[in-house]
Structure formats: C-alpha cells, structure tokens
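Numbering (the numbering used here), first residue to last: 106 to 325.
Take a look at the structure:
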C-alpha cells in the first residue's frame, strides 16, 4: 500500500444514493414552480448538509423553502433507511479485500445514523468499527471545509498527508484537497455525468478512478 490509511466519503462513493436523492429534490422544486433537473440539483446541492444544504436550495429558488419540503425529505429518508439502497458497483468487494491492518474511516456529510444503517444493509459495518464521522456531528464546519477529514485522520492516528481519500462530489473534493491528503476523484456512481471527471480534476484531485478496480491499482 502506498498509504497509511484510507478515508471514504459515503454517499456516491460507497452508496448509490446521490442520483435518487437529487432526482427527488429536483422533482419537488419543479413541482413548486422552480424547474430543476437532477443534474441541476447535483451541481448545486450535492455534498452539502444542514444549513449549507438548505441555504443553497433557497439561493437557487430565491425564497424560503416551504415546510412540506422537510416532511417530504423525512418521509423518503425513513423509507430508504428501512429498505436500503444498493452499493456503488465494486465497493463491497473493494472493502472486503483491503488489508485487515489498514486503518480506514468514513467521513461524510450525512448523519451517523444514515451511514451506519446503510452499512448494516450492505453488510460491511464491522469493517469500519467506530471510525464513522459526520460533518454534521463531529466538527463545527462541514464540507467543503476540510475539518471532517482532519478529524478522521486524527482519530485513525495517521498524518493526513499519509492518507488517501475517495470523494465523488465537488463539495467533498474541495474539502479533501484542502486537507492535504492524496485525493482520488471517484466517478463510479450512477450520478456521474460524462463531464464529472473534468469537474473534479479542475478542483485538484490527484487522480480519477472510474471504478474500484482502478482505485485498487492507484493505491497499490
């Protein structure tokens, strides 16, 4: 291994949640009079959480978000947490093939409940132990700030400069690159448009991988 630890984003890296979630947002915004495509949603909101996420939507529509948006999101999140979502292609095999002694963590904008419930569905929660970190819960500043990645590296006991980070969103890549780690822009999820790799390259990723076999080659 070229690195002393590996840190994963979650949505869009391990879990196929990005396109479905952004399609839902786009459909809702369109229904209230603000035509929005899933691609618009991914370009403007993907990777954000909490007040930053809501602020980005309000900036897009130019007004306060209606209350029923929150009810709609909560209902859909509840359904998805109960039923689960598929893994990004190759993600489970990649995790299972990592050396057992390699420190690893998840650093996500999602809540720890969301992450752990889905890891349970995917059958790989034990692979991460307690090294599951949320930009909403473990640091004051979420992505695109680097704080959640720096927090994860400290928890692993590894210099962040000796970590490799897998990220898929522009917001996440911005924080990962700022952390000082070696960053792979992962374009393996079904939300990644043909120009996605170019967007991540422009933000300073060290390499692009279109699947987990390529990730394995890059970190070997």
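Glycine included, C-beta positions come from ideal geometry on N, C-alpha and C.
Where residue 209 falls: helix, strand or coil (DSSP) | Stepping through the chain shown from its first residue, residue 209 is reached at position 104. Looking at residue 209 - three-state DSSP - the assignment turns out to be strand.
Secondary structure at residue 146, three-state DSSP: helix, strand or coil?
-> Here residue 146 refers to the residue found at position 41 of the chain shown. It is helical.
Is it right to say residue 201 is buried, meaning 16 or more other beta carbons lie within 10 angstroms of its own, or is it exposed?
-> In the chain shown, counting from the first residue as 1, residue 201 sits at position 96. By the 16-neighbour rule on beta-carbons within 10 angstroms, residue 201 is exposed.
Please report the residue range of the beta strand (DSSP E) in which residue 290 lies.
-> On the chain shown, residue 290 is found 185 positions in, with the first residue counted as 1. Taken as a continuous stretch (DSSP letters only), the beta strand (DSSP E) holding residue 290 covers 287 to 291.
Residue range of the unbroken alpha helix (DSSP H) whose run includes residue 122 = By 1-based counting over the chain shown, the position of residue 122 is 17. Careful: residue 122 lies outside any alpha helix (DSSP H) and carries neither H nor E.
Closest by CA to residue 117, which one among 309, 283 and 276?
-> Indexing the chain shown from 1 puts residue 117 at position 12. It is 276 whose Cα lies nearest to the Cα of residue 117.
Which class does residue 274 belong to by DSSP, given the choice of helix, strand or coil?
-> By 1-based counting over the chain shown, the position of residue 274 is 169. If DSSP states are grouped into helix, strand and coil, residue 274 belongs with coil.
What are the partner residues of residue 113, as DSSP defines its beta bridges?
-> As a working mapping, residue 113 is identified with position 8 in the chain shown. The partner list for residue 113 (beta bridge, DSSP) reads 211 and 271.
Alpha carbon of residue 306 to alpha carbon of residue 325, nearest angstrom = Position 201 of the chain shown, counted from the first residue, corresponds to residue 306. Position 220 of the chain shown, counted from the first residue, corresponds to residue 325. For residue 306 and residue 325, the distance between alpha carbons rounds to 21 Å.
Apply the 10 Å Cβ neighbour rule to residue 279 and answer buried if 16 or more other Cβ atoms are within range, or exposed otherwise.
-> Taking the chain shown and counting its residues from 1, the one referred to as residue 279 is at position 174. Per the 10 Å Cβ criterion, buried.
Is residue 252 closer than 8 Å to residue 242 when the C-beta atoms are compared?
-> For the purposes of this step, residue 242 is identified with residue 137 of the chain shown, where counting begins at 1. For the purposes of this step, residue 252 is identified with residue 147 of the chain shown, where counting begins at 1. Not closer than 8 Å, so no.
Write down the C-beta distance between residue 110 and residue 268 rounded to the nearest angstrom, noting that I regard them as a contact closer than 8 Å.
-> Against the chain shown, residue 110 aligns to sequence position 5. Against the chain shown, residue 268 aligns to sequence position 163. Between residue 110 and residue 268 a beta carbon distance of about 5 Å is seen, short of the 8 Å cut, so the two are scored as contacting.
Could you check the C-alpha separation between residue 115 and residue 191 for me, to the nearest Å?
-> Stepping through the chain shown from its first residue, residue 115 is reached at position 10. Stepping through the chain shown from its first residue, residue 191 is reached at position 86. Straight across, the Cα-Cα distance linking residue 115 with residue 191 is about 12 Å.
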